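**Q** Quick one: this structure, given as structure tokens, is what I'll be asking you about.
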Amino acid sequence: MLRFLRLSFSAENVIRFIPLTLLLAIVVAGCGSSGEETSEADSPHRSASERILFPVEQDGNWGYIDRSGTVVIEPQFEQAWQFVERRALVKQQDQYGFIDTSGAFVVRPRYHDAWHFSNGLAPVLEDSLWGFIDRSGDMVVDPKFSLAPEVVEEADRSLQDRDAILKRTARDGQFGFQNQDGQMVITPRFDQAWYFRDGRARVKVDSLWGYIDRSGDLAIKPAFPRAWDFRNGLARVELRSGHLAYIDTSGATVWP
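Position in the sequence shown counted from 1, then plus 4, gives you this note's numbering.
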């Protein structure tokens, strides 16, 4: 039986992810060492022709399925994460490396820790120090950062859709959305709400989760005890039976 990657930011991940992102911004602005410009296709917002895969678990090993639910990279990794900039972070024999969408290693597992690519660079941990590699696996910033990060408030903002024009807001314990001018365009009426991704925002009504469109209409009625944001056209949800599934933006079940 296949299980799905639990996409959540633990305290450990939040603590380490935010400072690395800040360091990455400094590195990209200051060194330009990769010698490679980031095209639109290289960004997390993938081109329509790019293969989009989703991590799943089978019998303790991780692999990847496509949007149709077909296994395209056989489960073989100890752990696997989503593809970002055409690279996915995977763990094998307690070491971290990166694969491409064919499942081939671009960076062999050799690091004690690592994180996703951003603007063509990924942070990697070597001998207790952090450095940065490019998408070919070349070290462009030697390991020299020793981090002592602190918890950053509003860490969930890192998961926002960059193209979102609506921002969630709370009023009297209910959630709605404002536009960029601060005008309320979706009246606060939800017990909980999250940011828009792929044109859908997950909302909670009477203990169940559903999804609204940018007009505030329920595109997918609340029916799920748990739900996650859409990514690349699919969202992971928990059915009332307790099983996990992927749905598309119309609410149709894609997997299993």
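Where is the CB? At the ideal position from N, CA and C, for every residue including glycine. Predicted model, so just to flag it, every value in this text is computed and none were measured.
Could you compute how far the alpha carbon of residue 67 sits from the alpha carbon of residue 250?
**A** Cα to Cα, the separation comes out at about 16 Å.
**Q** Would you give the residue range spanned by the beta strand (DSSP E) that residue 224 belongs to?
**A** First-last of the beta strand (DSSP E) with residue 224: 222 to 228.
**Q** Within the continuous beta strand (DSSP E) that includes residue 130, where are the two ends?
**A** Residues 125 to 130.
**Q** What is the DSSP secondary structure of residue 68, counted as helix, strand or coil?
**A** Looking at residue 68 - three-state DSSP - the assignment turns out to be strand.
**Q** Using the C-alpha atoms, what's the distance from residue 135 back to residue 146?
**A** Their backbone Cα atoms lie some 5 Å apart in a straight line.
**Q** Tell me, to the nearest whole angstrom, how far the beta carbon of residue 205 is from that of residue 198; I am working on the premise that it is less than 8 Å.
**A** Between residue 198 and residue 205 the Cβ distance is about 6 Å, and since that is below 8 Å, they are a contact.
**Q** Between the C-alpha atoms of residue 260 and residue 203, what's the straight-line distance to the nearest angstrom?
**A** Roughly 23 Å separates the two Cα atoms.
**Q** What residues match up with residue 197 in a beta bridge as DSSP calls it?
**A** According to DSSP, residue 197 bridges with 207.
**Q** Under three-state DSSP, which class holds residue 248?
**A** Residue state, collapsed to three classes: strand.
**Q** In its own chain, which residues sit with a C-beta less than 7 Å from the C-beta of residue 143, not counting the 5 before and 5 after it?
**A** Excluding sequence neighbours, residue 143 sits near 135, 137.
**Q** Indicate the three-state DSSP secondary structure (helix, strand or coil) for residue 149 in the structure shown.
**A** It is a strand residue.
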